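Counting in numbering that gives the first Met the number 0, the sequence shown runs without a single skipped number right up to 170 at its last residue.
In this text, a Cβ means the ideal position worked out from N, Cα and C, and glycines have one as well.
In this text the structure is predicted, and so the values were computed from the model without any measurement.
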Amino acid sequence: MGSGVRVVLLCGTAFSGKSTVARALAPRLSAGVVSLDEINERRGLWGGDGIPVEEWVRTHELAREEVRGLLGSGRSVVIDDTSSLRALRDGWRSLAIGAGAEFILLYVDVDHATVRRRRADNQLDPRRRDVTDAVLNQHLADFEPPEADENSIRIKSAEDLQRTRLAAESP
């Protein structure tokens with residue numbers, strides 16, 4: 000694995016701005032983007048409607064295959080997902096380390112009031128697919144923010160990203 004190859008795992012709730020951050024970050028790192036929403040869409044699934052656990056497991060398997068392929072070709076990768084559970088984040092960290100890549104956890108930390116406002120704005124002027132009330136409420140209740148020992152980089156928006164220098168990134 001070439002030096003400087005990174006796995007940047009995005010973490011944050013629905014409507015926190017992760018996809019916007021991924022689109023801003025990927026060219027900056029010359030990285031590919033693996034979006035679990037896009038994988039689900041190709042599979043005819045939408046997380047905003049609720050997806051059975053076994054389907055999420057398959058989506059994660061497909062995402063891991065895509066990430067391994069990018070890393071195998073010497074490219075960095077940005078993973079666009081909520082990464083809502085510590086166990087999922089730990090799995091991505093292990094994959095990165097096993098592939099000889101640097102692992103960076105980028106937490107898009109947005110409060111629930113902002114998430115709900117963005118969702119309401121999206122319902123008035125749809126720019127992305129919606130999330131049902133039940134799925135959003137459960138997601139917000141179950142979301143596990145990164146703990147201190149996970150060494151996440153916390154940002155509030157893609158604008159914050161412009162002021163954030165990632166480890167091993169050229170000045």
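Inside the stretch 128-157 only - alpha helix (DSSP H) runs reaching at least 4 residues
If we require 4 residues or more, the alpha helix (DSSP H) runs fully inside the stretch 128-157 come out as 132-141.
Practice item. Indicate whether the contact test is met: 3 or more Cβ pairs, each with one atom in the stretch 116-132 and one in the stretch 55-62, closer than 8 Å. Key: These segments do not touch.
Would you call the CB atoms of residue 144 and residue 104 closer than 8 Å? One thing to note: residue 144 has its Cβ no nearer than 8 Å to the Cβ of residue 104.
Can you grab the Cα-Cα spacing for the pair residue 25 / residue 37, in whole Å? Going from the Cα of residue 25 to the Cα of residue 37 covers about 16 Å.
Q. Is the CB-CB distance between residue 108 and residue 74 below 8 Å?
A. Between residue 108 and residue 74, the CB-CB gap reaches or exceeds 8 Å.
- CB contact check: residue 90 to chain C, cutoff 8 Å: Among the chains of the structure shown, chain C does not appear; only one protein chain is present.
(request) State buried or exposed for residue 71, treating a residue as buried only when at least 16 other CB atoms are found within 10 Å of its CB. (result) With fewer than 16 Cβ atoms within 10 Å of its Cβ, residue 71 is classed as exposed.
Beta-carbon proximity of residue 89 to residue 21, cut-off 8 Å: Not a contact, by the Cβ cut-off of 8 Å.
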